[in-house]
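A.B. asks:
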Amino acid sequence: DTGVSQNPRHKITKRGQNVTFRCDPISEHNRLYWYRQTLGQGPEFLTYFQNEAQLEKSRLLSDRFSAERPKGSFSTLEIQRTEQGDSAMYLCASQLNSGGDTQYFGPGTRLTVL
Amino acid sequence: AQSVTQLDSQVPVFEEAPVELRCNYSSSVSVYLFWYVQYPNQGLQLLLKYLSGSTLVKGINGFEAEFNKSQTSFHLRKPSVHISDTAEYFCAVSTTFGNEKLTFGTGTRLTIIP
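If you read the sequences in order, they're chains A and B.
Take the first sequence: its position 69, counted from the start at 1, is 287 in this note's numbering, and no numbers get skipped.
Take the second sequence: its position 74, counted from the start at 1, is 1360 in this note's numbering, and no numbers get skipped.
Shown next, in the form of structure tokens:
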């Protein structure tokens, strides 16, 4: 296993611009999660995919956020019209199956909105 | 909904001394319990988890935790810490059904004093 990878690792953008992040989960992991972590806080759940189906979205995920997982492989998280409050670390995790299987986290994408 | 409380935001400990990091949770349904560690500039890594069975769980790097259902606690312990244990530690819970999204505490920063 090469682990969960995320790109880019860092993104600096101006307010109002659109950004897209990519997550490549561990091969054959059916379940994929996105979390957001701000300074001094624990990660907060954003959304969950089982294969290609997006099964839950947090109320934290405003209409400016959209996530996809085409073909049940990699996933993308897009933020439109970024705001300064979107500045955070965006984490992706993958899990093989349910039943308490470990969620493996990627290194994260740090977004800074100027 | 679930919630996690980590009362200690920072814990300084002398090298080779024992340490306990406290975690309490709240949930109306059965949960799985986790401890993750985040080393500086690295992603989250699972230390240990409780799914069922024995309430004493052993993890990596000499850590262990005890699940106490009556006190709704899952405290993390290590009998003798090392400089390399300096990191942020997060307690998390998930439901035992559905999407198993993780709900994290705010974290405890463990600082080892030489």
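For every residue, glycine included, the Cβ atom is placed at its ideal position computed from N, Cα and C.
Note that the structure is a prediction, hence the values are computed from the model and not measured.
1) Can you give me the Cβ contacts of A/Asn248 inside the same chain, cut-off strictly under 8 Å, excluding the 5 residues immediately before and after it?
2) Indicate the three-state DSSP secondary structure (helix, strand or coil) for B/Ser1314 in the structure shown.
3) At a CB distance below 9 Å, what residues from the stretch 273-285 of chain A approach chain E? Give them in sequence order.
4) Do you know offhand how far A/Tyr253's Cα is from A/Lys229's?
5) Determine the direct distance from the alpha carbon of A/Tyr251 to that of B/Val1315, and round the result to whole angstroms.
6) Measuring alpha carbon to alpha carbon, tell me which residue in A/Pro325, A/Leu295, A/Leu332 and A/Leu329 is nearest B/Val1323.
7) Near A/Asn236, what residues of its chain come up, given a Cβ to Cβ distance below 8 Å and the 5 sequence neighbours on each side ignored?
8) According to DSSP, is B/Ile1369 helix, strand or coil?
9) Mind checking the stretch 302-324 of chain A against chain B and listing, in chain order, the residues whose C-beta falls within less than 9 Å of any C-beta there?
10) Among all the DSSP beta bridges, which residues are the ones paired with A/Tyr266?
11) Does any CB atom of chain A fall closer than 8 Å to the CB of B/Thr1392?
12) Provide the residue span of the beta strand (DSSP E) that contains B/Leu1307, from first to last.
13) Taking C-beta pairs closer than 7 Å, name the residues in chain A that B/Leu1337 reaches, listed in chain order.
14) Within the 8 Å Cβ cut-off, does B/Lys1387 reach chain A?
15) Sort out for me which residues DSSP pairs B/Asn1347 with in a bridge.
16) Quick one: which chain A residues come within Cβ less than 7 Å of B/Leu1273?
17) From what residue to what residue does the beta strand (DSSP E) around B/Val1290 run?
18) State the CB to CB distance for the pair B/Thr1291 and B/Asn1310, rounded to an integer number of angstroms; the pair is presumed to be in contact (CB under 8 Å).
19) Compute the Euclidean distance between the alpha carbons of A/Ala311 and B/Ser1356, then round it to the nearest angstrom.
20) Can you pull the chain A neighbours of B/Gly1329, defined as C-beta to C-beta under 7 Å?
21) How close, in whole Å, do the beta carbons of B/Ala1373 and B/Leu1396 come, if the pair is a contact with beta carbons under 8 Å?
22) Please identify, using Cβ separations under 9 Å, the residues of the stretch 242-263 of chain A that lie next to chain B, in order along the chain.
23) For the beta strand (DSSP E) containing A/Lys229, list its first residue and its last residue.
C.D. replies: Based on what the coordinates show:
1) Gln268, Asn269, Gly290, Gln313, Leu314 and Asn315
2) coil
3) The structure shown contains no chain E; its protein chains are A and B.
4) 16 Å
5) 21 Å
6) A/Pro325
7) Glu296, Ile297, Gln298, Arg299 and Thr300
8) helix
9) Leu309, Ala311, Gln313, Ser316, Gly317, Gly318, Asp319, Thr320, Gln321, Tyr322, Phe323 and Gly324
10) A/Tyr251 and A/Glu274
11) yes
12) Val1305 to Leu1307
13) Gly318
14) yes
15) Paired residue(s): none; B/Asn1347 is not in a bridge.
16) One cannot answer for residue 1273 of chain B here, as it falls past the ends of chain B, which runs 1287 to 1400.
17) Ser1289 to Thr1291
18) 5 Å
19) 31 Å
20) Phe323, Gly324, Pro325 and Gly326
21) 6 Å
22) Arg249, Tyr251, Tyr253, Gln255, Gly258, Gln259, Gly260, Pro261, Glu262 and Phe263
23) His228 to Thr231
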